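Below: the structure, in structure tokens.
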Amino acid sequence: MTGTDRERVPGKREDPLTEGGRGMLQEALQEFIVRYGYYAMYGLLAAGIVGLPVPDEILMTFVGYLTSLGLFNPYLAVAVSFGGAMTGMIVSYYLGKKVGKPFLWKYGKWVKLTPRRLERAESWFRKYGLWTVSFGYFVPGVRHFTCYLAGVSQVKLWKYLLFAGGGAFVWCTLFITLGRVVGQGMEHLFHLIHTYVGWGLFAVIAVSAAVVLSAIRFRKKTPPEHS
């Protein structure tokens, strides 16, 4: 039996978390976007941020590709995607605020919030604070948790939206632009970005933020010069 035969066994349902399942899910989501347009774009982004199995980066890159074909307006696509992402982040924030940490640890696995991932995101949140919400957006498997943890930590909503909005806007713009520029080679580029660039970009941003914060603290500690 060939690899293709194994993937297409009659009556067998693919697990969406397996490689074959992810491929089928990806195709279904792409068809959904082509058929329902901006509504699908908005809804899928919101669902993906909450934690449902939506391949967010592939989704945005594909949307960018469709803008290059003239099926979507690139500016409207960024705006709608940003709105969907922010909706998902607000929902996650309020869920974390209302249900609390024990509930997430017990039932979070149903939306990919495993204890191990929660501990990892919580460690970053303690270390970097709300910057984790912005930077974590570029790290698959982290952005979903930082939203919940911001709610659990009772962070003020306006502060959360400020940091979340900045990361979401850059993220949507970046991947839609990449899909628009790359076109047919988008899947290969996505694989490279998902594997290497996400962590590299996070490292660059984290180091830059550390330098800026250190400079601010140094200026506060330095007494003013008197003439």
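All residue numbers for the sequence shown refer to the UniProt record's numbering, where the first residue is 1 and numbers rise by one.
Yeah, the Cβ is synthetic: ideal placement off N, Cα and C, and Gly gets one too.
These numbers come from a predicted model, not from an experiment.
{"Query": "DSSP three-state label for Phe-72, please.", "Result": "coil"}
{"Query": "Looking at the structure shown, is Gly-100 part of a helix, part of a strand, or coil, going by DSSP?", "Result": "helix"}
{"Query": "Here's the rule: buried if 16 or more other CB atoms are within 10 angstroms of the residue's CB, otherwise exposed. What is Glu-57?", "Result": "buried"}
{"Query": "Contact criterion: CB-CB distance below 9 Å. Does Val-91 meet it with respect to chain D?", "Result": "The structure shown contains no chain D; it holds only a single protein chain."}
{"Query": "Which of the three DSSP states is assigned to Val-155 in this structure?", "Result": "coil"}
{"Query": "Is it buried or exposed, Tyr-65, if we count other Cβ atoms within 10 angstroms and call 16 or more buried?", "Result": "buried"}
{"Query": "Suppose you measure from the CA of Trp-131 to the CA of Met-24; what does that come to, to the nearest Å?", "Result": "35 Å"}
{"Query": "Measuring straight from C-alpha to C-alpha, what distance separates Ala-47 and Lys-127?", "Result": "27 Å"}
{"Query": "Using the Cα positions of Gly-84 and Leu-44, report the straight-line distance between them to the nearest angstrom.", "Result": "8 Å"}
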